[in-house]
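So the sequence shown is numbered by the working numbering: it starts at 290 and just counts up by one.
Beneath this line is the structure, given in C-alpha coordinates, with notes to follow.
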Amino acid sequence: MNVLVLAYIGDSIYELKVRNHFISLGNVNEIQKVVIKYVSAKGQAKFVTYLLENDILNEEEISIFKRAKNHKSNHKPKNTSIITYKIATGLEAIFGHLYLNNDFNRIDYLINLLFVSKIIEGE
290 MNVLVLAYIG DSIYELKVRN HFISLGNVNE IQKVVIKYVS AKGQAKFVTY
340 LLENDILNEE EISIFKRAKN HKSNHKPKNT SIITYKIATG LEAIFGHLYL
390 NNDFNRIDYL INLLFVSKII EGE
(Lines of atoms letter the chains of each structure in order from A; the text may use other names.)
(Lines give C-alpha, C1' and ligand atoms only; values in the text may rest on other atoms or scores of the structure.)
Protein backbone atom coordinates (compact mmCIF):
# COMPACT_ATOMS: atom_id res chain seq x y z
CA MET A 290 0.00 0.00 0.00
CA ASN A 291 1.11 3.56 -0.69
CA VAL A 292 2.95 4.91 2.35
CA LEU A 293 1.14 8.25 2.13
CA VAL A 294 -2.17 6.40 2.44
CA LEU A 295 -0.77 4.63 5.49
CA ALA A 296 0.31 8.00 6.92
CA TYR A 297 -3.12 9.50 6.19
CA ILE A 298 -4.86 6.74 8.16
CA GLY A 299 -2.16 6.59 10.81
CA ASP A 300 -2.41 10.30 11.53
CA SER A 301 -6.04 9.93 12.54
CA ILE A 302 -5.43 6.79 14.61
CA TYR A 303 -2.52 8.38 16.47
CA GLU A 304 -4.46 11.58 17.18
CA LEU A 305 -7.56 9.68 18.32
CA LYS A 306 -5.49 7.62 20.76
CA VAL A 307 -3.79 10.72 22.15
CA ARG A 308 -7.08 12.61 22.48
CA ASN A 309 -8.68 9.63 24.19
CA HIS A 310 -5.83 9.54 26.71
CA PHE A 311 -6.48 13.14 27.77
CA ILE A 312 -10.28 13.17 27.58
CA SER A 313 -10.50 13.01 31.38
CA LEU A 314 -9.23 16.60 31.56
CA GLY A 315 -12.79 17.55 30.67
CA ASN A 316 -12.22 21.03 29.31
CA VAL A 317 -11.87 20.92 25.52
CA ASN A 318 -9.55 23.93 25.45
CA GLU A 319 -7.24 22.34 28.03
CA ILE A 320 -7.32 19.02 26.18
CA GLN A 321 -6.35 20.70 22.92
CA LYS A 322 -3.43 22.56 24.51
CA VAL A 323 -1.97 19.29 25.77
CA VAL A 324 -2.83 17.16 22.74
CA ILE A 325 -1.18 19.52 20.26
CA LYS A 326 2.23 18.84 21.86
CA TYR A 327 1.83 15.15 21.06
CA VAL A 328 0.23 15.31 17.62
CA SER A 329 2.32 18.09 16.11
CA ALA A 330 5.02 17.06 13.65
CA LYS A 331 7.61 18.05 16.27
CA GLY A 332 6.02 15.81 18.92
CA GLN A 333 5.62 12.91 16.52
CA ALA A 334 9.22 13.23 15.34
CA LYS A 335 10.43 13.27 18.92
CA PHE A 336 8.44 10.12 19.72
CA VAL A 337 9.56 8.12 16.68
CA THR A 338 13.18 9.14 17.34
CA TYR A 339 12.77 7.72 20.86
CA LEU A 340 11.37 4.49 19.40
CA LEU A 341 14.27 4.17 16.96
CA GLU A 342 16.99 5.03 19.48
CA ASN A 343 15.64 2.45 21.93
CA ASP A 344 15.25 -0.35 19.34
CA ILE A 345 11.51 -0.60 19.95
CA LEU A 346 10.41 -0.81 16.33
CA ASN A 347 10.62 -4.11 14.49
CA GLU A 348 12.17 -4.52 11.03
CA GLU A 349 8.86 -4.16 9.20
CA GLU A 350 7.98 -0.97 11.10
CA ILE A 351 11.43 0.48 10.40
CA SER A 352 11.03 -0.32 6.71
CA ILE A 353 7.63 1.42 6.59
CA PHE A 354 9.05 4.38 8.50
CA LYS A 355 11.95 4.75 6.05
CA ARG A 356 9.72 4.40 2.98
CA ALA A 357 7.35 7.08 4.26
CA LYS A 358 10.13 9.40 5.43
CA ASN A 359 11.91 9.16 2.10
CA HIS A 360 8.80 9.41 -0.09
CA LYS A 361 8.95 12.37 -2.45
CA SER A 362 6.24 14.88 -1.68
CA ASN A 363 5.45 18.35 -2.93
CA HIS A 364 3.85 19.29 0.40
CA LYS A 365 5.46 22.25 2.13
CA PRO A 366 4.78 22.21 5.89
CA LYS A 367 3.77 25.53 7.42
CA ASN A 368 4.97 25.31 11.01
CA THR A 369 7.93 22.94 10.91
CA SER A 370 10.94 21.94 8.85
CA ILE A 371 10.58 19.53 5.95
CA ILE A 372 12.85 17.06 7.78
CA THR A 373 10.68 17.07 10.91
CA TYR A 374 7.58 16.73 8.74
CA LYS A 375 9.00 13.71 6.89
CA ILE A 376 10.02 12.01 10.14
CA ALA A 377 6.51 12.55 11.52
CA THR A 378 5.04 11.13 8.31
CA GLY A 379 7.08 7.99 8.95
CA LEU A 380 5.50 7.57 12.39
CA GLU A 381 2.02 8.10 10.99
CA ALA A 382 2.65 5.44 8.33
CA ILE A 383 3.61 2.94 11.03
CA PHE A 384 0.33 3.57 12.84
CA GLY A 385 -1.61 3.31 9.58
CA HIS A 386 0.04 -0.01 8.78
CA LEU A 387 -0.68 -1.40 12.24
CA TYR A 388 -4.29 -0.28 12.10
CA LEU A 389 -4.97 -1.71 8.64
CA ASN A 390 -3.41 -4.99 9.76
CA ASN A 391 -5.62 -5.06 12.86
CA ASP A 392 -2.60 -4.98 15.16
CA PHE A 393 -4.41 -3.04 17.85
CA ASN A 394 -2.30 -4.50 20.66
CA ARG A 395 0.84 -3.07 19.05
CA ILE A 396 -0.85 0.31 18.61
CA ASP A 397 -1.81 0.32 22.29
CA TYR A 398 1.70 -0.76 23.29
CA LEU A 399 3.32 2.08 21.35
CA ILE A 400 0.82 4.66 22.61
CA ASN A 401 1.44 3.48 26.16
CA LEU A 402 5.17 4.01 25.60
CA LEU A 403 4.44 7.53 24.41
CA PHE A 404 2.98 8.42 27.79
CA VAL A 405 5.20 6.26 30.01
CA SER A 406 8.38 7.64 28.42
CA LYS A 407 7.34 11.23 29.27
CA ILE A 408 9.52 12.49 26.41
CA ILE A 409 6.97 15.07 25.32
CA GLU A 410 5.56 16.24 28.67
CA GLY A 411 8.64 18.29 29.47
CA GLU A 412 8.22 20.72 26.58
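By construction, the Cβ of each residue, glycine as well, lies at the ideal position given by its N, Cα and C atoms.
Notebook entry, point to check: If you run the structure through DSSP and keep just helix, strand and coil, what is residue 346?
Noted result: Here residue 346 carries a coil assignment [DSSP, helix/strand/coil].
Notebook entry, point to check: Between the stretch 319 to 329 and the stretch 380 to 388, do at least 3 Cβ pairs fall closer than 8 Å?
Noted result: Result no; under three Cβ-Cβ pairs closer than 8 Å.
Note to self: Within the continuous alpha helix (DSSP H) that includes residue 406, where are the two ends?
What the structure shows: Counting along the chain, the alpha helix (DSSP H) containing residue 406 begins and ends at 393 to 406.
Check: So, is residue 348 buried or exposed, given that buried needs 16 or more other C-beta atoms within 10 angstroms?
Finding: exposed
Margin query: Tell me which residue opens and which closes the alpha helix (DSSP H) that residue 379 is part of.
Written below: It spans 371 to 389 - the alpha helix (DSSP H) in which residue 379 sits, taken as one unbroken run.
Next item on the list: May I ask you to verify whether the stretch 328 to 343 touches the stretch 302 to 313, counting CB pairs closer than 8 Å and requiring at least 3?
Entry: yes
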